[in-house]
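Student:
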Amino acid sequence: RATSPNNDDPEHASRPFDAARDGFVLGEGAAVMVLEEAGQARARDARIYAEIAGFASRSNAFHMTGLRRDGREMAIAIGTALHEAGRDPTDVDYVNAHGSGTKQNDRHETAAFKLSLGDHAYRVPVSSIKSMVGHSLGAIGSLEVAACALALDRQVVPPTANLHNADPECDPDYVPLTARDHRMDVVLSVG
């Protein structure tokens, strides 16, 4: 089962990384961004919210819908994106997690953070905006990039809403319940 049955309480249904989570909550939404070369944006005196410095994508043939517990593929993608950006894991100031709210995904993702970021996985704040907006499937990538750009612009890490009792296997700082002022220059989004 992938989706949460908690439809009677939609504001609290999406609970990424919480021990009582029971699936993702379908959401709707869209985000629009202008992507252009930095030099062109500066030439027209555009307000620049963020720069996309690296990118990577991975998949596996482990299972049709299942994920490996060790987070290996996601960790490789994170490492590749950081390498492409010319950054080390310790440069990351905030991680926007996929954070879907399924037990399997949240544990897989936590393992990937530990594997790719090492001890820094315990020092960097991590959160999931899906706890607030749900999972809009095809649109969520653009929503999360927009959320990361706004987090950088405002120097505020969004919270993981509804995270009252963390799953012991999900032990990094998942920024429970409340947004946090935080100095950041490098954001990693894995959503």
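Position 42 (the sequence shown) corresponds to 53 in our numbering; numbering is contiguous.
The beta-carbon is built from N, C-alpha and C at its ideal position, and this holds for glycine as well.
What you are looking at is a predicted structure, and each value in this text was computed from that prediction instead of being measured.
So, is Y133 buried or exposed, given that buried needs 16 or more other C-beta atoms within 10 angstroms?
Tutor: As a working note, residue 133 is residue 122 in the sequence shown. Under this definition Y133 is an exposed residue.
Student: Counting only the same chain and skipping the five closest in sequence on each side, list residues whose C-beta sits under 8 Å from that of R98.
Tutor: Walking along the sequence shown from the start, residue 98 turns up at place 87. Same-chain partners within the cutoff: A64, G65, V197.
Student: Alpha carbons only, please: which of T121, G129, L161, T171 is nearest the one belonging to K141?
Tutor: Against the sequence shown, residue 141 aligns to sequence position 130. The residue with the shortest Cα to Cα distance from K141 is T171.
Student: So, under 8 Å CB-CB, H146 and L37 are touching, yes? Tell me the CB distance rounded to an integer number of Å.
Tutor: The count along the sequence shown starts at 1 and reaches residue 146 at position 135. The count along the sequence shown starts at 1 and reaches residue 37 at position 26. Between L37 and H146 the Cβ distance is about 6 Å, and since that is below 8 Å, they are a contact.
Student: List, from N- to C-terminal side, the beta strand (DSSP E) runs of 3 residues or more that fit wholly inside the stretch 95–155.
Tutor: Qualifying beta strand (DSSP E) stretches, in chain order: 105–107.
Student: Please list the terminal residues of the continuous alpha helix (DSSP H) segment that includes H23.
Tutor: Taking the first residue of the sequence shown as 1, we reach residue 23 at position 12. Looking at the DSSP string, the run of the alpha helix (DSSP H) that includes H23 is 21–24.
Student: According to DSSP, simplified to helix, strand and coil, what is L78?
Tutor: In the sequence shown, residue 78 corresponds to position 67, counting from 1. Three-state result, L78: coil.
Student: Here's a check: name, in chain order, each residue in its chain whose Cβ is nearer than 6 Å to the Cβ of D164, leaving out the five neighbours to either side.
Tutor: Translated into the one-based positions of the sequence shown, residue 164 becomes position 153. Result list for D164: Y60, in chain order.
Student: Look at the alpha carbon of L247 and the alpha carbon of N116, and state the distance between them as a whole number of angstroms.
Tutor: The structure shown does not extend to residue 247, since the chain spans only 12 to 202, so no value can be given for it.
Student: CB A92 to CB A67, shorter than 8 Å?
Tutor: If you number the sequence shown from 1, residue 92 lands on position 81. If you number the sequence shown from 1, residue 67 lands on position 56. Result yes, Cβ atoms of A92 and A67 sit closer than 8 Å.
Student: How about the stretch 174–193 and the stretch 15–34: do they share at least three Cβ pairs that are nearer than 8 Å?
Tutor: A contact exists between the stretch 174–193 and the stretch 15–34.
Student: Three-state secondary structure (DSSP) at T91?
Tutor: Residue mapping note: residue 91 aligns to position 80 of the sequence shown, counting from 1. In the structure shown, T91 sits in a helix (DSSP, three-state: H, G or I).
Student: What does P187 pair with, by DSSP beta-bridge criteria?
Tutor: Taking the sequence shown and counting its residues from 1, one reaches residue 187 at position 176. T171, per the DSSP bridge assignment.
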